[in-house]
Amino acid sequence: MRALSDWRKGGIPDNPGAWLTTVAKRRAIDLLRHAGAEDRALRRVAVEEYEPVEPDPDINGDIDDRLRLIFTCCHPALPMDARVALTLRTVAGLTPAQIARAFLVTEPAMDKRLVRARAKIKHAGIPYRVPPPHLMPERRDGVLAVLYLLFTEGYSATGGALIRIPLLREAIRLTRLLVELMPDDGEVRALLALMLLHHARTAARTDAVGNVVTLEEQDRSLWDRDAITEALTILRSLVPRAGRYGLQARIAACHLEASDAASTNFARIAELYDALAFLDPSPVVELNRAVAVAMSQGPEVGLRLIDALVTSRGMDDYYLLPATRADLLRRMGRRTEAATEYEKALQLAPSEAEKRYLGKRLAETRR
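When the letters of the sequence shown are read in order and numbered with full-length UniProt numbering, they come out as residues 1 to 367.
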């Protein structure tokens, strides 16, 4: 989770959140359940008191306990969005504001979801455990979404620093444990590959003082080749028909397999985004597909696709939309319009590192 936002030559900050966060926002079939069906499911679970625990700030807790807590919060009696949000709050210690950003909703709305989810878990007595193997598939999607967003918050953190290394490592470690529990599940392994591919670039993504370094400008000798090799080996072991994580991992692989930014196969990336948009449609996926199209067919084509997304639900406060428009307008020579879009993106950017980058771009555009 990229259309890596730094695909473009001189592009916007590299931020996988552009599509990583779409998993949290999408609704699983749980949201289509009638309220009565949810209540009946809750009454069927074992009555066992559960109280959320505060996460260790250094993320040094027992991995097994943490995974049990994730499975508890991801009980199928809860709607998918509630599973993901509650686990991010309880296990990862993310604030309601950070979780709201991932879901593209307001903080008050997220607060209400968290309160409802906690009440359901407590009143139903959902047991604190990793379920037996035959019940794991019904929890899988929620658990994967949580691990994915845990990684995303580490990769593209809210607040000061761009990267939170402990969160990255914890997400990868828990995903490895899940692979051990579900070794035959291709999507679990695909998620691990996706995380490894993005974590492989961590050392090159910022300079010595924490400023963003775009993918095009990164020193590729700093990339973790062992992590890349492991991820590509995983991808080769998967069946050709990929799920959403497999598709996203293949997109990431297209970037890392290129010898330099200019040789990146953006036409192939656009094809992969076509498949992802069919499987998991969302405005964020469409935005990143438009970026790939812009890189392979020209900024004018990409801009037309992006302009169609301006009125999409949930995109009003999504800083990558104006940032992407700004980049394409700049490359088309429409500098005044580009500056206006950079100003919008600057107001919405979630981290100080990204704000500094966008401010630099804005200043360059005004020269």
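All C-beta atoms in this analysis are idealised placements derived from N, C-alpha and C, irrespective of residue type, glycine included. These figures come from a predicted structure and were not determined experimentally.
*Counting only the same chain and skipping the five closest in sequence on each side, list residues whose C-beta sits under 7 Å from that of ARG68.*
TYR128, ARG129 and VAL130
*Could you pull out every residue in the same chain whose Cβ sits closer than 6 Å to the Cβ of LEU144, ignoring the five residues on either side in sequence?*
LEU191
_Going by DSSP, what residue range makes up the alpha helix (DSSP H) through MET195?_
186-199
*What's the call for PRO240, buried or exposed, on a 16-neighbour Cβ count within 10 Å?*
exposed
*Considering MET315, what are the terminal residues of the alpha helix (DSSP H) in which it resides?*
Looking at the DSSP string, MET315 is not in any alpha helix (DSSP H), and its letter there is neither H nor E.
*What's the C-alpha gap between LEU320 and ALA345?*
7 Å
*Best match in ASP260, VAL188 and ILE269 for proximity to ALA231 [C-alpha to C-alpha]*: VAL188
_Using only the alpha-carbon positions, how far apart do LYS341 and GLU354 sit?_
The sequence as given places Glu at residue 341; Lys does not occur at that position. Using only the alpha carbons, I get a separation of about 15 Å.
_For a test of the three-state rule: what should DSSP assign to PRO296, helix, strand or coil?_
At residue 296 the sequence reads Ser, which differs from the Pro that was named. Here SER296 sits in helix by DSSP.
*Between the CA atoms of ASP219 and PRO132 - distance to the nearest angstrom*: 45 Å
*Should the stretch 246-262 be called in touch with the stretch 293-302, which here means at least 3 C-beta pairs below 8 Å?*
no
*Who are VAL212's beta bridge partners in DSSP?*
THR206
*asked:* Taking 8 Å as the cut-off, does the stretch 145-153 touch the stretch 105-112 (at least 3 CB pairs, one atom from each stretch)?
replied: no
*Just to confirm, are TYR245 and LEU178 a CB contact at a threshold of 8 Å?*
no
*Taking VAL91 and ILE70 to be in contact with their CB atoms under 8 Å, please state how far apart those CB atoms are, rounded to whole angstroms.*
6 Å
*What does a CB cutoff of less than 7 Å around VAL213 pick up in its chain, not counting 5 residues either side in sequence?*
ALA204, ARG205, THR206 and ASP207
_Considering Cα atoms alone, identify which of GLY210, ASP260, ALA171 and ARG116 is closest to TYR148._
ALA171
*Would you report the Cα separation of MET295 and ALA338, rounded to the nearest angstrom?*
17 Å
*Using three-state DSSP, classify VAL91 as helix, strand or coil.*
coil
*asked:* I need the DSSP call for PRO96, collapsed to helix, strand or coil.
replied: helix
*ILE306 to LEU287, Cα distance in whole Å?*
6 Å
*Count the other C-beta atoms from every protein chain shown that fall within 10 angstroms of the C-beta of ALA119, then say buried if there are 16 or more, exposed otherwise.*
exposed
*For ARG304, count neighbouring C-beta atoms within 10 Å of its own C-beta (all shown protein chains included) and say buried if the count is 16 or more, exposed if not.*
exposed
*Give the single residue among ARG313, GLY142 and ARG366 whose Cα lies nearest to the Cα of LEU329.*
ARG366
*Less than 8 Å between the CB atoms is what I'm expecting for HIS199 and LEU168, so what's the real figure, rounded?*
5 Å
*When burial is assigned at 16 or more other CB atoms within 10 Å of the CB, is ASP81 buried or exposed?*
buried
*Once you ignore the five residues that flank LEU174 on each side, which residues in its own chain have a CB closer than 8 Å to its CB?*
ILE63, ARG66, LEU67, ILE70, LEU147 and LEU150
*Close Cβ partners of ILE99 (< 7 Å) along its chain, the five nearest in sequence each way excluded*: ALA85, LEU88, ARG89 and MET110
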